[in-house]
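I have placed the structure first, in the form of structure tokens, so that the comments after it can refer back to it.
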């Protein structure tokens, strides 16, 4: 994965998590993983298509997800109900959207998918031949791991030019 795609996601995650939770965030040790991605208790998945393409996973355990949702909703939640699930999916959506805007400012315009949420630990997801750069973020509410399986997409493809005869050439 091209490391220049890392900073927009880290910056966006810091901005969004700090704004939504008011907590300090620290970054753990970056690592590169290949092979299957194995889900944690709660995983938000989004895809990017365009000048940057691939998949982003936001992974956390259930207690961290409930704590994040509680803080964001301003309620004391006990379980990861539908409202909490929606809040967690939306946080991944907002981080990815903000990162996508930052990428666009650097000439890498891409579209993002709607978020999907996987509940349950241990599901294996193939990112095919995309290695994943893993960014652990630690807060008082718990940890979130961002898995970036991204690469530069097809850029600069021009539409074929079709020659249109001029009126003079047609008439004679």
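Numbering (the numbering used here), first residue to last: 70 to 241.
From the three backbone atoms N, C-alpha and C, an ideal C-beta is built for every residue, glycine too.
| Asked | Found |
| --- | --- |
| Straight-line gap, residue 101 to residue 216 (C-alpha atoms, nearest Å) | 9 Å |
| Opposing strand residues paired with residue 177 [DSSP bridges] | In the DSSP output, where bridge partners are listed per residue, residue 177 has none listed. |
| Neighbourhood of residue 121 by C-beta distance below 7 Å, restricted to the same chain and skipping five residues each side | 74, 172, 177, 179, 219, 221, 222 |
| Assigned exposure category for residue 156 - 16 Cβ within 10 Å defines buried | buried |
| Residue of 108, 80, 96 minimising C-alpha distance to residue 186 | 108 |
| Minimum C-alpha distance to residue 80 - residue among 168, 208, 99 | 168 |
| Coil, strand or helix - residue 192 by DSSP | coil |
| Helix, strand or coil at residue 161 [DSSP, three-state] | helix |
| Buried or exposed (CB count within 10 angstroms, at least 16 for buried), residue 95 | exposed |
| 8 Å contact criterion, which residue 161 and residue 184 should meet: CB distance rounded | 5 Å |
| Rounded C-alpha distance that separates residue 116 from residue 127 | 12 Å |
| Cα-Cα separation between residue 141 and residue 198, rounded to whole angstroms | 36 Å |
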